[in-house]
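This report refers to the structure that appears directly beneath it.
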Amino acid sequence: MENTLSTSFSESLTQKIEALKDHYPHGREKSALLPALHLVQAEFGWLSTPSMDSVAHILGIKPIEVYEVATFYTMFHVKPVGKYVLEVCHTSPCCLNGAEDLLKHIQNKLSIQIGETTADGLFTLKTVECLAACGMAPVLQIGPDYTYHEHLTPEKVDALIADLSQKK
Amino acid sequence: MSIQILLEHAKVPGIQTLEVYRKQGGYASLDKALKMGPADIVEEVKKSGLRGRGGAGFPTGMKWSFLAKPEGVPRYLVCNADESEPGTFKDRHLMTTIPHLLIEGMIVSSFALGAHDSYIYVRGEMMPQIRILQNAIEECYAAGLLGKNILNSGYDLNLHVHPGGGAYICGEETALLESLEGKRGNPRIKPPFPAVSGLYNCPTVVNNVESIAVTPWIINNGGEAYSKIGIGKSTGTKLISASGHINNPGIYEIEMGLPVEEFIYSDQYCGGIKNGKRLKAVVAGGSSVPILPAHLILKTVNGEPRLMSYESLSDGGFATGTMLGSGGFIVYDEDSCIVRNTWNFTRFYHHESCGQCSPCREGTGWMEKVLHRLEYGHGKMNDIDLLVDVSKKIEGNTICPLGDAAAWPVASAIRHFRDEFEWHVKEPKQALIRNYGLSQDQLVTA
Numbered sequence: 002m003e004n005t006l007s008t009s010f011s012e013s014l015t016q017k018i019e020a021l022k023d024h025y026p027h028g029r030e031k032s033a034l035l036p037a038l039h040l041v042q043a044e045f046g047w048l049s050t051p052s053m054d055s056v057a058h059i060l061g062i063k064p065i066e067v068y069e070v071a072t073f074y075t076m077f078h079v080k081p082v083g084k085y086v087l088e089v090c091h092t093s094p095c096c097l098n099g100a101e102d103l104l105k106h107i108q109n110k111l112s113i114q115i116g117e118t119t120a121d122g123l124f125t126l127k128t129v130e131c132l133a134a135c136g137m138a139p140v141l142q143i144g145p146d147y148t149y150h151e152h153l154t155p156e157k158v159d160a161l162i163a164d165l166s167q168k169k
Numbered sequence: 017m018s019i020q021i022l023l024e025h026a027k028v029p030g031i032q033t034l035e036v037y038r039k040q041g042g043y044a045s046l047d048k049a050l051k052m053g054p055a056d057i058v059e060e061v062k063k064s065g066l067r068g069r070g071g072a073g074f075p076t077g078m079k080w081s082f083l084a085k086p087e088g089v090p091r092y093l094v095c096n097a098d099e100s101e102p103g104t105f106k107d108r109h110l111m112t113t114i115p116h117l118l119i120e121g122m123i124v125s126s127f128a129l130g131a132h133d134s135y136i137y138v139r140g141e142m143m144p145q146i147r148i149l150q151n152a153i154e155e156c157y158a159a160g161l162l163g164k165n166i167l168n169s170g171y172d173l174n175l176h177v178h179p180g181g182g183a184y185i186c187g188e189e190t191a192l193l194e195s196l197e198g199k200r201g202n203p204r205i206k207p208p209f210p211a212v213s214g215l216y217n218c219p220t221v222v223n224n225v226e227s228i229a230v231t232p233w234i235i236n237n238g239g240e241a242y243s244k245i246g247i248g249k250s251t252g253t254k255l256i257s258a259s260g261h262i263n264n265p266g267i268y269e270i271e272m273g274l275p276v277e278e279f280i281y282s283d284q285y286c287g288g289i290k291n292g293k294r295l296k297a298v299v300a301g302g303s304s305v306p307i308l309p310a311h312l313i314l315k316t317v318n319g320e321p322r323l324m325s326y327e328s329l330s331d332g333g334f335a336t337g338t339m340l341g342s343g344g345f346i347v348y349d350e351d352s353c354i355v356r357n358t359w360n361f362t363r364f365y366h367h368e369s370c371g372q373c374s375p376c377r378e379g380t381g382w383m384e385k386v387l388h389r390l391e392y393g394h395g396k397m398n399d400i401d402l403l404v405d406v407s408k409k410i411e412g413n414t415i416c417p418l419g420d421a422a423a424w425p426v427a428s429a430i431r432h433f434r435d436e437f438e439w440h441v442k443e444p445k446q447a448l449i450r451n452y453g454l455s456q457d458q459l460v461t462a
């Protein structure tokens, strides 16, 4: 059963995860878990249970060890999300520079609430805590490659959304 | 501009590449360090008076000298690049603009500590910075600055970059080590300290990005030269992340001892308050440190000018002072709502609590709820004392300092801005449509 699960990954993804193990001492392969989950999420957009089971298989750990980690860290999506995840910082320094109005603007623009995904599956809107870019507030990042967009205004966000909508 | 130790070459075009970095004198400290030997390097760092730049301010040289050295057991150096303290964005800046400075620091520090595998634990959100560091590390392997027999010294070092997953708590050193081992970021009970039992139960030093990036300068110029910069026990320079209602937000490398007033109002630094408004309050060292009203951040209670240093910022204790912390300097203008800001910070800590200790897990949630109802016009007068009570029950009662970090902003906001909290209870409808502004006390001193 374990073998069938691991085959859900492409050979190149499996190899990339295998290669991560080299960074940690023998017997400590579990250390590669966070970087491995990032690789899997970059490929599939989110972490399904079978994909987490495959990671467990490759790293030689129990599936529960993967689930408990995946659900602890906020970057990992354990449910499907849109192609682009807009993560808007709403911690104090960003709020001092208009993050709350910006969030409302995006909600209206995309007709979704925080935590929801647009009907076309393109955008998910999330709030996140401090992204360590407070001098460039307000800030949002876009998964899956985690580009930061800084000094945002409603106009800049409109342009960004238009750009991503065209790319699809 | 005062002396620049970290950012001197940050604006040189192409400084991210090894070639340009070396032309600017980069990696000179490595040659010197390999000849000096570990014990002398530790001695120079001790002499420098460098204190941990992550927030705690513990002397770096002393931390290094505590590292246990049992025979046959590997030792590790781990760089804490999990920058997440609200208001702090200096490490991200340093890694983006001058990545080789951190790597050079990692190599000399690893050599000093006898580590052969070192890790830079970078916040997961900083994927672009992770790629920058990985490229820089590859350049170093190719040039013989990393790997086996570095510069024919016989010293071997592998340097690894490890991404986090989005958790403020992993900035706490033992949570970071748990995370590096592929687990949830639950802080460990100390002792044992990482210096005795850290990564994989081996002796480990965990240092902030900025602390490590300073070491090449100390080796090149000597610990004594470093100790002469700054003021008193706050030696050297400090990267300050300036944000909020100021004209020039950004990263500034200041010499310790710069007057706070100059930092806020000089065009060289923050350039004053945006839109010509008046200053209301400052959080000087990241969201965890006590917030101070304008008059107390500019001058100590004894009327002396407040300086950017560990000692001056903490002058007066928590009654009238604060902390330098991580140097996350957030400025609030006269229209800022302290209740809303406190609620914002508390929501952050509730979100980021790992959930291991009940006082923090439950207490941060209660404080968030009470602050929310105060901000949204449903508060009662005894809610204010309730908040103080809950914050006291969290403080000092948790495994790691996140509990304290959550308690202090609440306690200090009420200590210094109680009238504004009371106004939210007395005038709930007004509080929904306008800000309280400056208090009567502040208007007198403003």
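These protein sequence lines map, in sequence, to chains P and Y.
Residue numbers for the first sequence, in the numbering used here: 2 to 169.
Residue numbers for the second sequence, in the numbering used here: 17 to 462.
For glycine and all other residues, C-beta sits at the position ideal for the given N, C-alpha and C.
Environment of residue i [buried if 16+ CB atoms lie within 10 Å]
i	result
residue 5 of chain P	With a pLDDT of only 46 at residue 5 of chain P, under 50, the local geometry of the prediction cannot be trusted, and the value read off the model is given with reservation. Label assigned to residue 5 of chain P: exposed.
residue 448 of chain Y	exposed
residue 445 of chain Y	exposed
residue 28 of chain P	exposed
residue 43 of chain Y	buried
residue 19 of chain Y	exposed
residue 134 of chain Y	buried
residue 105 of chain Y	buried
residue 35 of chain Y	exposed
residue 319 of chain Y	exposed
residue 32 of chain Y	buried
residue 11 of chain P	exposed
residue 21 of chain P	buried
residue 406 of chain Y	buried
residue 147 of chain Y	exposed
residue 261 of chain Y	buried
residue 87 of chain Y	exposed
residue 160 of chain Y	exposed
residue 170 of chain Y	exposed
Enclosing beta strand (DSSP E) for residue i [first to last residue]
i	result
residue 88 of chain P	85-90
residue 40 of chain Y	Residue 40 of chain Y -> no beta strand (DSSP E), and no H or E assigned at all.
residue 268 of chain Y	266-271
residue 174 of chain Y	174-179
residue 128 of chain P	124-129
residue 133 of chain Y	133-138
residue 254 of chain Y	253-260
Partner residues on chain Y for residue i, Cβ-Cβ distance less than 7 Å
i	result
residue 155 of chain P	Residues of chain Y passing the Cβ test: none, with the nearest at roughly 19 Å.
residue 75 of chain P	182 and 183
residue 173 of chain P	Only positions 2 to 169 of chain P appear in the structure, and residue 173 of chain P is not among them; the question remains open.
residue 34 of chain P	198
Limits of the alpha helix (DSSP H) - the one that residue i falls within
i	result
residue 98 of chain P	Careful: residue 98 of chain P lies outside any alpha helix (DSSP H) and carries neither H nor E.
residue 243 of chain Y	239-243
residue 366 of chain Y	354-368
residue 379 of chain Y	374-391
residue 17 of chain P	12-21
residue 143 of chain P	First-last for residue 143 of chain P: 141-144, but that is the beta strand (DSSP E), not the alpha helix (DSSP H).
residue 442 of chain Y	418-442
residue 405 of chain Y	397-410
residue 158 of chain P	155-168
Close Cβ partners of residue i (< 8 Å) along its chain, the five nearest in sequence each way excluded
i	result
residue 34 of chain P	56, 60, 62, 66, 67 and 70
Neighbourhood of residue i by C-beta, 6 Å cutoff - its chain only, sequence neighbours within 5 removed
i	result
residue 397 of chain Y	441
residue 135 of chain P	94
residue 5 of chain Y	Summary: the structure shown does not reach residue 5 of chain Y, with chain Y confined to residues 17 through 462, and so no result is reported for it.
residue 78 of chain P	47
residue 57 of chain Y	49 and 128
Under 7 Å by beta carbon: chain P residues contacting residue i
i	result
residue 368 of chain Y	130
residue 103 of chain Y	94 and 135
Chain-ordered chain P contacts of residue i [CB-CB under 8 Å]
i	result
residue 304 of chain Y	Those within 8 Å of residue 304 of chain Y in chain P number zero; the least Cβ separation is about 12 Å.
Chain-ordered neighbours of residue i on chain P, where CB pairs are closer than 9 Å
i	result
residue 346 of chain Y	93, 94, 97 and 135
residue 357 of chain Y	93, 96 and 97
Nonlocal neighbours in the same chain, by C-beta distance under 7 Å from residue i, ignoring five residues either side
i	result
residue 238 of chain Y	60
residue 212 of chain Y	84 and 219
residue 302 of chain Y	71, 101, 102, 103, 104, 341, 342 and 344
residue 393 of chain Y	444, 445, 447 and 448
Interface residues of chain Y facing residue i [CB-CB closer than 8 Å]
i	result
residue 70 of chain P	181, 198, 199 and 200
residue 138 of chain P	259 and 265
Which runs of the alpha helix (DSSP H) at least 4 residues long sit entirely within the stretch 274-324 of chain Y? Give them in chain order. List check, alpha helix (DSSP H) in window: 276-281 and 310-314.
Which full runs of the alpha helix (DSSP H) of 4+ residues lie inside the stretch 9-82 of chain P, going along the chain? Entirely contained in the stretch 9-82 of chain P, the alpha helix (DSSP H) runs reaching 4 residues are, in chain order, 12-21, 34-45, 50-60 and 64-71.
Residue ranges of each beta strand (DSSP E) run of no fewer than 3 residues wholly in the stretch 157-211 of chain Y, ordered along the chain? Within the stretch 157-211 of chain Y, the complete beta strand (DSSP E) runs of at least 3 residues fall at 174-179.
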